[in-house]
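A.B. asks:
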Amino acid sequence: MSGAAGFIGSHLCDRLLAEGHSVLAVDNFITGADRNLEHLRGNPAFTFREWDVCQPLEVDGPVDGVLHLASLASPKDYFKHPIETLEVGSTGTRNMLEVARQHNARFLLTSTSECYGDPMVHPQVETYWGNVNPVGPRSCYDESKRYAEAITMAYHRVHGVRTNIARIFNTYGPRMQLHDGRVVPAFIDQALRDQPMTVYGDGSQTRSFCYVDDLADGLYRLAFSEERYPVNLGNPAEMTICEFAERIRRLTGTTAPLTFEPLPEDDPKQRQPQIDKAKRVLGWSPKVDLETGLRATIEYFQNLDAPVGAR
Ligand SMILES: NC(=O)c1ccc[n+]([C@@H]2O[C@H](COP(=O)([O-])OP(=O)(O)OC[C@H]3O[C@@H](n4cnc5c(N)ncnc54)[C@H](O)[C@@H]3O)[C@@H](O)[C@H]2O)c1
């Protein structure tokens, strides 16, 4: 698995190991953290290799599945590393597809709802082709994933690799980076420090948040499915950013106010997955309600002794 030391990757490692699989975890730590995998050290079914997947990866022995999660994933990270983002989505994806091809293994790509850009169709269904600005600041991420999807389909069509593509919507939970610019850790961090919570725009833009255990379950099911076209994975429970901030204020007990700042360029106004396909093809839908997920996430950040994101 590439990107294994990241937020979602580390949870997917847990899930694979719990199901009895052996995992070779690969990461270059550009945004991942040692501590996310600390608890797996000493597990005989778990091996870690520090590696940049933009370099060809050689794996000895049998490989049943290749799970490609490596990417810069938060706006703050991909704004800081736009070229690395394009590189890992293109060269990195191709290198991981090569591992799958050479070992006759399954392949799973973690793509993103950002492929839909600022969507003209709501909620977003897999057949919608998106509204992406190819030269805007977010294009390094959006287009790297669109390319990654395209080359994944090409490896399926040309080489017959059994590929799967997950279009992941906003996911949250323990092991997110505290300062990656994403709204969940940003709000929780500010709330726990009793600082004003920063809302971009007027806060009427919507998001839908999926708890990471639910997402790992969806990825696990998809990795073994026969569906070759993209499948949305996310929680359709949509709310405005202001409503979301209020939930966090209530759960943390902060009395700090909200402050408003200008909306970043190309920030999507609405985001809600249409998950009928995941229900039909994978028998999957999210189970963890927002309150339960947020409590676990807040508890994680409360117990964090130092910011995640550096080793
Ligand atoms: N978290 C979300 O809400 C979300 C939403 C949509 C899609 N995704 C996708 O899910 C995947 C995981 O995201 P995440 O939230 O866990 O992010 P993350 O930043 O926590 O994890 C990504 C991991 O990839 C590693 N990585 C990046 N470039 C690499 C390279 N060249 N070689 C090896 N490792 C490399 C990083 O060090 C990090 O550990 C990504 O592909 C992301 O695009 C996440």
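With this note's numbering applied, the sequence shown has no gaps in its numbers, which climb one by one up to 303 at the end.
C-beta: ideal position from N, C-alpha, C; glycine also.
Taking 7 Å as the line, does the beta carbon of S105 fall inside it for any heavy atom of ligand 1?
C.D. replies: S105 Cβ: within cutoff of ligand 1.
A.B. asks: Comparing C-alpha positions only, which one of T251, T246 and P228 sits nearest to Q262?
C.D. replies: Comparing Cα positions, the closest option is P228.
A.B. asks: Measuring alpha carbon to alpha carbon, tell me which residue in T251, A288 and E257 is nearest L243.
C.D. replies: It is A288 whose Cα lies nearest to the Cα of L243.
A.B. asks: Spell out the partners DSSP gives R98 in its beta bridges.
C.D. replies: G57, per the DSSP bridge assignment.
A.B. asks: Is L61 near ligand 1, in the sense that its beta carbon is under 7 Å from a heavy atom of that ligand?
C.D. replies: Correct: L61 has its Cβ closer than 7 Å to ligand 1.
A.B. asks: In terms of residue numbering, what span does the beta strand (DSSP E) encompassing R159 cover?
C.D. replies: That run of the beta strand (DSSP E) goes T155 to I160.
A.B. asks: At a threshold of 7 Å, does V124 count as lining ligand 1 (C-beta to nearest heavy atom)?
C.D. replies: Flag unset: Cβ of V124 not near ligand 1.
A.B. asks: Pairing CB atoms from the region 28 to 38 with CB atoms from the region 52 to 70, are three or more of them under 8 Å?
C.D. replies: Segments in contact, no.
A.B. asks: With M231 as the anchor, note down where its beta strand (DSSP E) starts and where it stops.
C.D. replies: Element bounds for M231: E230 to T232.
A.B. asks: Could you check what DSSP says for P265 in three-state terms: helix, strand or coil?
C.D. replies: Three-state DSSP puts P265 in a strand.
A.B. asks: Report, in whole angstroms, the separation of the C-beta atoms of L89 and A158, which I expect to be a contact under 8 Å.
C.D. replies: Incorrect: roughly 15 Å between the Cβ atoms, too far for contact.
A.B. asks: Terminal residues of the continuous beta strand (DSSP E) containing V18?
C.D. replies: It spans V15 to D19 - the beta strand (DSSP E) in which V18 sits, taken as one unbroken run.
A.B. asks: Taking the Cβ atom as the reference point for each residue, do S2 and R167 lie within a distance shorter than 8 Å?
C.D. replies: The answer is yes: Cβ separation under 8 Å.
A.B. asks: Among Q266, A62 and F71, which one has its Cα closest to the Cα of P111?
C.D. replies: Cα-wise, what sits closest to P111 is Q266.
A.B. asks: I need the boundaries of the alpha helix (DSSP H) containing V175, first residue and last residue.
C.D. replies: Run containing V175: V175 to L184, per the alpha helix (DSSP H) assignment.
A.B. asks: At a threshold of 7 Å, does G84 count as lining ligand 1 (C-beta to nearest heavy atom)?
C.D. replies: Flag set: Cβ of G84 near ligand 1.
A.B. asks: At a threshold of 7 Å, does S217 count as lining ligand 1 (C-beta to nearest heavy atom)?
C.D. replies: No - ligand 1 has no heavy atom lying nearer than 7 Å to the Cβ of S217.
A.B. asks: With R199 as the anchor, note down where its beta strand (DSSP E) starts and where it stops.
C.D. replies: Here the beta strand (DSSP E) through R199 covers T198 to S200.
A.B. asks: Do S105 and G226 have their C-beta atoms within less than 8 Å of each other?
C.D. replies: Yes. Within cutoff.
A.B. asks: According to the Cβ coordinates, are L61 and C132 closer than 8 Å?
C.D. replies: It is not a contact, given that the beta carbons lie outside the stated cut-off.
A.B. asks: Compare the C-alpha of D26 against each of A183, P249 and A(-3) and name the closest.
C.D. replies: Out of A183, P249 and A(-3), A(-3) has the C-alpha closest to the C-alpha of D26.
A.B. asks: How many Å lie between G173 and L8 at the Cα?
C.D. replies: The alpha-carbon atoms of G173 and L8 are separated by roughly 29 Å.
A.B. asks: Hey, is the region 175 to 188 in contact with the region 110 to 125, meaning 3+ C-beta pairs nearer than 8 Å?
C.D. replies: The region 175 to 188, when compared against the region 110 to 125, does not touch it at the 8 Å Cβ threshold.
A.B. asks: So what does Y305 bridge to, in DSSP terms?
C.D. replies: Because the chain spans -7 through 303 in this model, residue 305 falls outside it and cannot be assessed.
A.B. asks: List the DSSP bridge partners of S164.
C.D. replies: The sequence shown places Tyr at residue 164, not Ser. Answer by DSSP bridge pairing, in chain order: Y203.
A.B. asks: Between D19 and ligand 1, is the CB less than 7 Å from at least one heavy atom?
C.D. replies: True, at least one ligand heavy atom lies under 7 Å from that Cβ.
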